[in-house]
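The structure appears below as structure tokens.
Residue numbers (the numbering used here), protein chains in the order written: chain X, 17 to 545; chain A, 88 to 424.
Right, dumping it as structure tokens:
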């Protein structure tokens, strides 16, 4: 744990990527195999099964610190992280015990079979023997969520430095639903044949947003354009007689969308598709419809018939078991088209069509019709581009429509958590309805740290009422809210719900009375909903 | 709560009816008693000021030509029906708690304070009273300061390590109090200390008063970082990452504040190193101060007021919350001290 704690301090103690990568690379070179395997697992969101509830953890920590539970509960929102709160509250350790990361994890995993009294004794004993940083990490192993500023990209770069293997290959090796229990360092990282697991997806290739006009991209004939659909990205894998569906967040969502169990009736074994999951009723439905399907473990028959989904495929990553990613896009698309040729209507698969264009201006006009086509804009891909891993500049661009905007009044504020604990960052906004302000959306991001500081100081001085963590503030400040879509929602007081709302700017120039009205919102609903 | 209301809490500040004066008022008044020179306690626009001799030069520097009387620590003065005296608060050089006695009833307003002697400020002295007005900037049990020597060792190690790697360490600290405390902790055998103009002004005043502070080199418009490869730079927090800082090339930024105890705050400030050191009392310090006054009534002014007051009530004290415009060590640091 000391080695892991030192790694954590080095990563956490710097804002510079080079320093973090160097610290990780050196750790990956030196640490024992099982520790480095667990480190990769933890930093990529895998964690040991939770052996203790956070309720018990809070109670035991308060008891150990000699404090009433309510006081611990009050500290938690100030710190924004339970593992850290507990680490800070506990008295100084009275002994030291240097077990490795894996040994501590194994201790935690053994707890599951123990009676509660034994579990408690083991946790209290651990707290007695770990310093503040180690305790924080130990608590994190229990509560989960190792978000400490190590992205997948950063980790693969460090692994690449440590092992000499290319980043893209490592990124691929780390994909999928492996856990330290069913693999080891050698199989995962070093073995010659890294693709032992049928379910393992390829890393998604992600596009950057196009900031300038597309003219800068060169000749239009080198480019492939298609709609940027408003669903969720998915990778459908057909291998070994099974199908696996992965979300872009690397979650296995096969069970959420049983429609795809029929995919193998229409495309051959050994196929991997990249595409957009969309609700389809004689055409793509807005995201709002898909949202009702997300996060469900079981799907009712009614839901399947009311809100059936399809995969709008735009790329072919594997064909007959062969990795196609190095081939040019044109080639992959041609094979995809052949594969999808004359698919029956009942297939849960569609080809995301190519949008032909001769001039950039022409494409600009097509883009303007995106909302009418239930799309958020366009995707531009270079015809000869390979399918890369992760977000890379140059070959793929998303050219989205400008967001919709509305000027709204801030009426509630709530402090954030983690990095943003102690700062008011979560706001509720309202529009005028006569002389009343009707709340219609929340928004979290979009201001600079400086603006958040300013608004935090203002909220402290202008709180009218508190409802738990939420503060009602004097209506005074107007913000421009940007969003990607709007739809009717009977669950909201305003009758509308927004897609991707965020603060685009603080309208300090705008008086309160000139914020938009509910009628303005309804008009937008009529046009874009 | 008490037999006579020695002090009342008004929208101008803490007021003494018997003596017709205010303590650290935030709106203009006729007569203001000032605990210390930080901007949220010493505001412009009052007719007459009373403060310790040790605080006077800073007040004059910050507030300009004010009508200022001074008083020694421990000296008693009668202001109409009230007896007042000033006692060290240990917060920054010249800072005081103010004791007010009316008809045998004693109240103490602590201003901002810390219990650990920092080697520079006049050390905190507990003052017995019936009612104690306390801050609670760090009034949560997660705040436990390490001994000053340990933090000093961390800062000096960071200095050594940075220059060994060809990087300039740049330490952000408030220009009154924290900056000078840090100066006094630095190991000048490592190299010279370069100081930003805003810090240097205050340092010069305190040095003039006789506080023992190491030599510093003022950063001039034409100062080049390369001329001082072993130096540590000390500057107000706002200067970190500014165009002013560019002259030093590759820097490692450090920030010294009690808030650095929390990872979230540290990451939000995006400094390379956070040093946990504060001129405010930590959780144990606040509790010890309250106990040592022997007060039955405690008024909590700024910070985690509702939580600290509830805790004190649990301990059997009469505790209340008073709404003021003091800011303590503002979590984001850039504007307040």
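Beta carbons are placed, not taken as given, at the ideal position from N, Cα and C, and that holds for glycine.
Everything numeric in this text was worked out from a predicted model, so none of it was measured.
For residue 230 (chain X), the number of other beta carbons within 10 angstroms of its own is at least 16, and it is reported as buried.
Per DSSP, the continuous alpha helix (DSSP H) segment holding residue 351 (chain A) begins and ends at 350–356. Non-local C-beta neighbours of residue 504 (chain X) in its own chain, meaning closer than 7 Å and more than five positions away in sequence, comprise 511, 512, 541 and 545, ordered along the chain. Under a 10 Å Cβ-count criterion, residue 202 (chain X) is classified as exposed, with fewer than 16 other Cβ atoms of the shown protein chains found around its own Cβ. Residue 30 (chain X) reaches chain A at 359, counting residues in chain order whose Cβ is nearer than 7 Å. Contacts with chain A at 8 Å (Cβ-Cβ) include residue 101 (chain X). Residue A:113 holds the alpha-carbon nearest to the alpha-carbon of residue 413 (chain A) among A:113, A:97 and A:93. In the DSSP assignment, residue 330 (chain A) falls outside any alpha helix (DSSP H), carrying neither H nor E.
A residue is called buried once 16 or more other Cβ atoms fall within 10 Å of its Cβ, and residue 89 (chain X), having fewer, is exposed.
The alpha carbon of residue 470 (chain X) has as its nearest neighbour, out of X:310, X:441, X:448 and X:454, the alpha carbon of X:441.
Collapsing the DSSP output to three states places residue 240 (chain X) in a strand. Per DSSP, residue 171 (chain X) lies in no beta strand (DSSP E); the unbroken alpha helix (DSSP H) holding it starts and ends at 168–179. Residue 103 (chain A) sits in a strand when the DSSP states are folded into three classes. Sequence-distant Cβ neighbours of residue 368 (chain X) in its own chain, meaning closer than 8 Å and more than five residues away, are 242, 243, 245, 291, 292, 328, 329 and 330. Of all residues in the segment 57–85 of chain X, only 81, 83 and 84 place a beta-carbon less than 8 Å from a beta-carbon of chain A.
Taking C-alpha positions only, residue 344 (chain A) is separated from residue 517 (chain X) by approximately 35 Å. According to DSSP, residue pairing for residue 504 (chain X) in a beta bridge involves X:512. In this structure the segment 118–129 of chain X does not touch the segment 86–103 of chain X; the number of beta carbon pairs closer than 8 Å is below three. Residue pairing by DSSP puts residue 221 (chain X) in a beta bridge opposite X:406. Look at residue 159 (chain A) here: in three-state DSSP terms it is coil, with no helix or strand label. With 16 or more other CB atoms across the displayed protein chains lying within 10 angstroms of its CB, residue 171 (chain X) is buried. As the crow flies, the alpha-carbon of residue 186 (chain X) is around 7 Å from that of residue 205 (chain X).
By the Cβ criterion, the segment 332–349 of chain A is in contact with the segment 247–261 of chain A, since at least three pairs of Cβ atoms, one from each stretch, lie closer than 8 Å. In this structure residue 225 (chain X) is exposed. Its beta-carbon is surrounded by fewer than 16 other beta-carbon atoms within 10 angstroms. For residue 160 (chain X), the closest Cβ of chain A is not nearer than 8 Å. Within the same chain, and ignoring the five residues on either side of residue 243 (chain A) in sequence, the residues whose Cβ sits closer than 7 Å to its Cβ are 273, 274 and 277. At least one beta carbon of chain A lies nearer than 8 Å to the beta carbon of residue 96 (chain X). In the displayed model, residue 343 (chain A) falls within a strand according to three-state DSSP. In the three-state DSSP reduction, residue 395 (chain X) falls in the strand class (E or B).
Of all residues in the segment 94–127 of chain A, none has a C-beta nearer than 8 Å to a C-beta of chain X. Setting aside the 5 residues that flank it on each side, residue 110 (chain A) is surrounded in the same chain by 101, 120, 185 and 196, each with a C-beta closer than 6 Å to its C-beta; the list follows chain order. Contacts between residue 352 (chain X) and chain A, judged by CB atoms closer than 9 Å, are missing: the closest CB pair is about 43 Å apart.
Within the segment 332–366 of chain A, those residues whose Cβ lies closer than 9 Å to any Cβ of chain X are, in chain order, 339, 340, 346, 348, 349, 350, 351, 352, 353, 354, 355, 356, 357, 358, 359, 360 and 361. Interface flag for residue 465 (chain X) against chain A is set, since a Cβ pair is found closer than 8 Å.
Residue 543 (chain X) counts as exposed, since fewer than 16 other beta carbons sit within 10 angstroms of its beta carbon. Inter-residue distance for residue 302 (chain A) and residue 187 (chain A) is about 39 Å (C-alpha atoms, whole angstroms).
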